[in-house]
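A.B. asks: Taken in order, these protein sequences are the chains called A and B. Residue numbers for the first sequence follow this note's numbering, so the first one is 1 and each next one is one higher. Residue numbers for the second sequence follow this note's numbering, so the first one is 1 and each next one is one higher. Please find one structure pasted underneath; my questions will follow.
There are 2 protein chains.
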Amino acid sequence: MTTAPVWSVDPRTGKRRERAAAEADTHEVARVVTAAHAARDALADRAARALLLRTAADVLDASHARIVEAADAETALGPTRLSGELARTTAQLRAFADVVDEGAFLDIRINHPDPGRTPPWPDLRRYKIPLGVVAVYAAGNFPLALSVAGADTASALAAGCPVVVKAHPGHPATAELCAALLREAARRAGLPEEITAVVHGFGAGVALIGHPRVAAAGFTGSVRGGRALFDAAAARPEPIPFHGELGSLNPVVITEAAAAERAESLGAGLAGSMTLGAGQFCTKPGLVLAPVGAAGDRLVAALAAAVGATEPGVMLDQRLRDAFVAGVRARAALPSVGTPVTPGPGDAHTVGAGFLTVPASLLAEEGPHDLLVEECFGPVTVVARYGSDDEAEAVLARLGGNLTATLHLSAEEAGGRGRSAGLLARLTPLAGRIVVDGWPTGLAVAPAQHHGGPYPATTSTATSVGTTAIERWLRPVTYQSTPDPLLPPELRELNPLGLPRTVVRP
Amino acid sequence: MTTAPVWSVDPRTGKRRERAAAEADTHEVARVVTAAHAARDALADRAARALLLRTAADVLDASHARIVEAADAETALGPTRLSGELARTTAQLRAFADVVDEGAFLDIRINHPDPGRTPPWPDLRRYKIPLGVVAVYAAGNFPLALSVAGADTASALAAGCPVVVKAHPGHPATAELCAALLREAARRAGLPEEITAVVHGFGAGVALIGHPRVAAAGFTGSVRGGRALFDAAAARPEPIPFHGELGSLNPVVITEAAAAERAESLGAGLAGSMTLGAGQFCTKPGLVLAPVGAAGDRLVAALAAAVGATEPGVMLDQRLRDAFVAGVRARAALPSVGTPVTPGPGDAHTVGAGFLTVPASLLAEEGPHDLLVEECFGPVTVVARYGSDDEAEAVLARLGGNLTATLHLSAEEAGGRGRSAGLLARLTPLAGRIVVDGWPTGLAVAPAQHHGGPYPATTSTATSVGTTAIERWLRPVTYQSTPDPLLPPELRELNPLGLPRTVVRP
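Structure below.
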């Protein structure tokens, strides 16, 4: 049996750096999933899980320089960004340890018997238990925070689920390094190494979603890849939850009054958000509704000045770079599309940021310009100029689901004047996070965070970032009329673990 | 255009009673879904929803006699059961009104800005909003509590979602009556009638799951029908959540000590649970692991006495009756299967209750006896006699997902002695509700209830009965850095609605 090598590639040169791993065949996938499943009981204890998560954070922090170097070499995201991403990753692991300690995620509900109810209530005690082995598909654009030791893994381990990660082909060496560090953390925490594993290769990803012992999956990536895996998860003899974060246009609406008030800072802010990380964020603002007229013209001029001054950047890999170049070319070729700063190829391995303009009326109805309301991964955005509120709303009405929707208002509108509340209500059905007077890039790991939205933003109603992401990997179970000594300690009458519980007594 | 008539049929005679409705074609389905979607804003106000639910309960209660008569005429479930089911239905509507008033389902989380976090937190405020129009597929076996005004409808309206119900062909007249009463309740509550609608016909059910304005679906029924609809929901251009409750064997384990202690009452209790409502409950115990030996023999004798004394019953319709007769015949014909009381046809329209016995060892491995661990809808159960703990556990290891799993223990075991805790841990992965020293039929509508379980029990991790069923029809949305006057009142700083909220301050 031969297995194909997996190469780490330098996106700055397109050259192979090293042989980082080997592709896993179906047999190998089955082996690691089975081992993860067999090791699941080691995660039953919450204290052990919290210790594991904190130890993993410590181990990753201790290897900070090595991880940043490895990730930069194969993603070109740069040490500053990757340093921040690693800090977010370890903060995230510790945040989930706190979630495990607190125990509110168990959602404990206790109903004492009540013969007066219709129908009568027996003693009922409900909490949530882990689903089983979780398959995690690592994101290309977040080699740390959304990959091997990232949000899906942290939340799944916090829930008590073993994890098998399908590494992203863009950063296999970083994946192997993080996998080794997770195994080290498991050893140090006194847990079996098999509770996490990493596999490589397209075929391994397909085998993983179909394995009977895989109980749920998390994914961050393209609509095409995510939908294929979603379909495979749904087509199994026993379908499993598939939490995929697939794609988002992230519309921005700038009111006439906001543009009049601060066109220059809006233009500069937009430039910063859309070019951040070479435009490779799932929250990159991809469509901006800006007013026609003088204020809007000033905004476009400020945007052009800032974007024009941006250095060319290296994208995550050559395939993405080529897709970006082709994507912007096709968009720029559409009639009535302007290119104040033309996005496109830089040298052989870089791309230059730019943006397109178009009359919003052309996006209000089905036609060739629909291409402009499809996500284009990379440093480009589309500024659609609207002449009336109706025109702006007609464009919004045609959009699919998004991770974010953003609204920029004047100070007076932010105080509640004019149609600002109406606009907010119009944006809410479009997205899972509504940003006012800010930019959608940048994502806090917080209990009130929601990183998800109507399809294709996500394939479920859950979030993939923030502490409620743990909810994806649990299912409720109710114990009826169960003698106290037999109940899990979480549900016993005297609450020996001191957990938060909702109790109803007759 | 002609539309096929929908007949109400008397299952006691097999004769058509009346033309109850007409099948809805695709056009009609689109019309009612579009009207429901257009009326959705009327449900935005929580007070209006609570009033609607309570008014619906009052209106249904006021028509108690008419509803019970209509339902009995086309289901033969009998006035006693249907009277109880209607009481449960209206209690359920009122319970969801209380849930709406309380507001905990909104799951409000507020994080004040905290620049000290990694990465920094902006002001984040998250709550849950309704998904949109919900399609409800009514259950054949619960013409009231799980049909037009049943649990799916009550929970969806409580969440703020309009509802379009696909009526069950077994009780179209009851569906029409309940639909008219729901419209009356809407009028009385000052809401548009279009927030609920009922359609009839197989084609209407297919059109409904595919309509772009349908945002989620609830279903109670067979594995075959539910899986087809689940597949259709997943295959849409924009997939939607499909919460289906499909089928369950509901295994029961009786320990040697429990049988020794109270074989007679266990036999009688089992007979009552498995013949209740002619065995047409989704929670009917369909497989009972009972020990070999004298105690188990006494249990089987007691079961035989009680089941043998049961009057023949009328099933919900002729198709189910024929499926039952064929199903028990195929099972009884398997080698080594005993029939202490033979289940099967009574007169032309009735069936007699019975049960089968089999050595548990024959169920421990794949083979023709697998038929015995498939659900057989109707008054039959399978008693598998085990000779050792290993044998019993080998059978449990082969079972799929279930709504319930039940354990009968001796008094000493219930105190925590012996392997009782281990057995409970063995049953937990199999089901969503674990019952100790009771029977799985009978279902409290309570916050701690969970009516769901691993596939095929349900197609999601949610419950279809109990107040947390509301969670199925909501999605989170987060407002970032949004000025207080523009926030929904639920999320404003001073909490003007007095809602329960989880607030994190730096």
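C-beta atoms are modelled at their ideal positions from N, C-alpha and C, and glycine is treated no differently. Model, not experiment: these values are computed from the prediction.
Check each candidate in Ala392/B, Leu494/B and Thr468/B and name the one with the smallest Cα separation from Lys128/A.
C.D. replies: As a first step, residue 128/A is located in the first sequence; it is residue number 128 there, counting from the start. The candidate whose alpha carbon is nearest that of Lys128/A is Thr468/B.
A.B. asks: Could you check where the alpha helix (DSSP H) with Arg298/A kicks off and where it finishes?
C.D. replies: Sequence index remark: in the first sequence, residue 298/A carries index 298 (1-based). Taken as a continuous stretch (DSSP letters only), the alpha helix (DSSP H) holding Arg298/A covers Ala294 to Gly308.
A.B. asks: Since Val214/B sits in a beta bridge, which residues does DSSP pair it with?
C.D. replies: Counted from its first residue, the second sequence places residue 214/B at position 214. Partner(s): Val133/B.
A.B. asks: For Thr478/B, which residues does DSSP report across the bridge?
C.D. replies: Numbered from 1 along the second sequence, position 478 holds the residue referred to as residue 478/B. Looking at the DSSP assignment, Thr478/B forms a beta bridge with Arg433/A and Arg126/B.
A.B. asks: Decide if Lys15/B is buried, meaning its Cβ has at least 16 other Cβ atoms within 10 Å, or exposed.
C.D. replies: As a position in the second sequence, residue 15/B is number 15, starting the count at 1. The residue in question, Lys15/B, is exposed, as its Cβ has fewer than 16 Cβ neighbours within 10 Å.
A.B. asks: Counting only the same chain and skipping the five closest in sequence on each side, list residues whose C-beta sits under 6 Å from that of Glu245/B.
C.D. replies: Residue mapping note: residue 245/B aligns to position 245 of the second sequence, counting from 1. Excluding positions up to five away in sequence, the list reads Thr220, Thr458 and Ser464.
A.B. asks: Can a CB atom of chain A be found closer than 8 Å to the CB of Gly313/B?
C.D. replies: As a first step, residue 313/B must be located in the second sequence, where it is residue number 313. So no, Gly313/B is outside the interface.
A.B. asks: For my contact list, Val99/B and Ala135/B are in at a C-beta cut-off of 8 Å; report their separation, rounded to the angstrom.
C.D. replies: Residue mapping note: residue 99/B aligns to position 99 of the second sequence, counting from 1. Residue mapping note: residue 135/B aligns to position 135 of the second sequence, counting from 1. With 8 Å as the limit, Val99/B and Ala135/B do not qualify as a contact, their Cβ atoms being about 21 Å apart.
A.B. asks: Quick one, are the C-beta atoms of Gln480/B and Asp114/B less than 8 Å apart?
C.D. replies: Sequence index remark: in the second sequence, residue 480/B carries index 480 (1-based). Sequence index remark: in the second sequence, residue 114/B carries index 114 (1-based). No, the pair does not count as a contact, with Cβ atoms beyond the cut-off.
A.B. asks: Is the number of C-beta pairs between the segment 145-152 of chain B and the segment 21-29 of chain B that are closer than 8 Å three or more?
C.D. replies: Flag = no, the segment 145-152 of chain B and the segment 21-29 of chain B do not touch.
A.B. asks: Spell out whether any CB of chain A is found under 8 Å from the CB atom of Phe219/B.
C.D. replies: On the second sequence, position 219 is the one that residue 219/B refers to. With 8 Å as the cut-off, Phe219/B does not count as an interface residue toward chain A.
A.B. asks: Would you tell me roughly how many angstroms separate the C-alpha atoms of Arg505/A and Arg125/A, rounded to the nearest one?
C.D. replies: Taking the first residue of the first sequence as 1, we reach residue 505/A at position 505. Taking the first residue of the first sequence as 1, we reach residue 125/A at position 125. Going from the Cα of Arg505/A to the Cα of Arg125/A covers about 12 Å.
A.B. asks: Does Phe142/B come within less than 8 Å of chain A when only Cβ atoms are used?
C.D. replies: To locate residue 142/B, count along the second sequence from 1; it is residue 142. By this cut-off, Phe142/B is not an interface position.
A.B. asks: Counting only beta-carbon atoms, is Tyr455/A nearer than 8 Å to chain B?
C.D. replies: As a first step, residue 455/A must be located in the first sequence, where it is residue number 455. Taking Cβ atoms only, chain B reaches closer than 8 Å to Tyr455/A, which makes this a yes.
A.B. asks: CA-CA distance, Thr174/A and Leu403/B?
C.D. replies: As a working note, residue 174/A is residue 174 in the first sequence. As a working note, residue 403/B is residue 403 in the second sequence. Answer to the nearest angstrom: the Cα atoms are 43 Å apart.
A.B. asks: Under 8 Å, Cβ to Cβ, is there at least one residue of chain B near His349/A?
C.D. replies: What you label residue 349/A is simply residue 349 of the first sequence in a count that begins at 1. Not an interface residue.
A.B. asks: Looking at C-alpha atoms only, which residue of Leu494/A, Pro456/A and Leu497/A is the closest neighbour of Phe230/A?
C.D. replies: Translated into the one-based positions of the first sequence, residue 230/A becomes position 230. When only C-alpha atoms are compared, the closest one is Pro456/A.
A.B. asks: Can you list, in chain order, the residues of its chain whose CB lies under 6 Å from that of Glu193/A, leaving out five sequence neighbours each side?
C.D. replies: As a first step, residue 193/A must be located in the first sequence, where it is residue number 193. Taken in chain order, the residues that qualify are Arg183 and Ala186.
A.B. asks: Mind checking who Val164/A pairs with in its DSSP beta bridge?
C.D. replies: Here residue 164/A refers to the residue found at position 164 when the first sequence is read from its first residue. Note: Val164/A sits in a beta bridge opposite Ala135/A and Ala197/A.
A.B. asks: Of all the residues that make up the segment 3-14 of chain A, which are near chain B by a beta-carbon distance shorter than 9 Å?
C.D. replies: Listed by position along the chain: nothing, the set is empty.
A.B. asks: Flag Asn250/A as yes if its beta-carbon sits less than 8 Å from any beta-carbon of chain B, otherwise no.
C.D. replies: As a working note, residue 250/A is residue 250 in the first sequence. It does not: the Cβ of Asn250/A has no partner Cβ on chain B nearer than 8 Å.
A.B. asks: What ranges does the beta strand (DSSP E) occupy inside the segment 348-388 of chain B, keeping only unbroken runs of at least 3 residues that lie completely in it?
C.D. replies: For the segment 348-388 of chain B, whole beta strand (DSSP E) runs of length 3 or above, ordered along the chain, are 350-352, 354-359 and 380-386.
A.B. asks: Whole angstroms is fine: what's the gap from Arg523/A's alpha carbon to Leu144/A's?
C.D. replies: With chain A represented from 1 up to 506, any question about residue 523/A goes unanswered, as that position is not in the structure.
A.B. asks: Report the residue from Ala290/B, Pro5/B and Pro239/B whose alpha carbon sits nearest the alpha carbon of Ala258/B.
C.D. replies: To locate residue 258/B, count along the second sequence from 1; it is residue 258. The shortest C-alpha separation from Ala258/B is found at Ala290/B.
A.B. asks: Taking Glu383/A as the reference, which of Leu407/A, Pro335/A, Val288/A and Asp370/A has the closest Cα?
C.D. replies: For the purposes of this step, residue 383/A is identified with residue 383 of the first sequence, where counting begins at 1. It is worth fixing the name first, because residue 383/A is Val in this sequence and not Glu. Checked all of Leu407/A, Pro335/A, Val288/A and Asp370/A; the closest Cα to Val383/A is Val288/A.
A.B. asks: Buried or exposed, going by whether 16 or more other CB atoms sit within 10 Å of the CB of Glu471/A?
C.D. replies: Along the first sequence, read from residue 1 onward, the residue named residue 471/A stands at position 471. Looking at its Cβ environment, which holds 16 or more other Cβ atoms inside 10 Å, Glu471/A is buried.
A.B. asks: Would you please state the rounded distance, in angstroms, between the beta carbons of Val325/B and Pro345/B? I believe it to be under 8 Å.
C.D. replies: As a working note, residue 325/B is residue 325 in the second sequence. As a working note, residue 345/B is residue 345 in the second sequence. That belief holds up - the Cβ atoms of Val325/B and Pro345/B are roughly 5 Å apart, short of 8 Å.
A.B. asks: Using a Cβ-Cβ cut-off of less than 7 Å, give me the residues of the segment 391-425 of chain A that come near chain B, in sequence order.
C.D. replies: Listed in sequence order: Ala414, Gly415, Gly416, Ser420, Ala421 and Leu424.
A.B. asks: When you compare each of Gly277/A, Leu191/A, Ala47/A and Ala62/A to Val380/A by their alpha carbons, which one comes out closest?
C.D. replies: As a working note, residue 380/A is residue 380 in the first sequence. Comparing Cα-Cα distances from Val380/A to each of Gly277/A, Leu191/A, Ala47/A and Ala62/A, the minimum goes to Gly277/A.
A.B. asks: List the residues of chain A whose Cβ lies closer than 7 Å to the Cβ of His450/B, in chain order.
C.D. replies: By one-based count along the second sequence, residue 450/B stands at place 450. Near His450/B (Cβ distances below 7 Å), the residues of chain A are Arg126, Pro476, Val477 and Thr478.
A.B. asks: Is the distance from the Cβ of Ala44/B to the Cβ of Gly160/B below 8 Å?
C.D. replies: Taking the second sequence and counting its residues from 1, one reaches residue 44/B at position 44. Taking the second sequence and counting its residues from 1, one reaches residue 160/B at position 160. Yes, the pair counts as a contact, with Cβ atoms nearer than the cut-off.
A.B. asks: Taking the beta carbon of Glu74/B as the centre, do at least 16 other beta carbons fall within 10 Å, making it buried, or is it exposed?
C.D. replies: Taking the second sequence and counting its residues from 1, the one referred to as residue 74/B is at position 74. By the 10 Å Cβ count, Glu74/B comes out buried.
A.B. asks: What are the residues of the segment 438-449 of chain B that lie near chain A, defined by any Cβ-Cβ distance shorter than 9 Å?
C.D. replies: The residues in question are Gly438, Pro440, Gly442, Leu443, Ala444, Val445, Ala446, Pro447, Ala448 and Gln449.
A.B. asks: Can you list, in chain order, the residues of the segment 27-55 of chain A whose Cβ is nearer than 8 Å to any Cβ on chain B?
C.D. replies: Residues: none.
A.B. asks: With 16 as the cutoff for other CB atoms within 10 Å, does Thr255/B come out buried or exposed?
C.D. replies: As a working mapping, residue 255/B is identified with position 255 in the second sequence. Buried: at least 16 other Cβ atoms inside 10 Å.
A.B. asks: DSSP puts Trp439/B in a beta bridge; with which residues?
C.D. replies: Translated into positions along the second sequence, residue 439/B becomes position 439. According to DSSP, which records beta bridges pairwise, Trp439/B is partnered with nothing at all.
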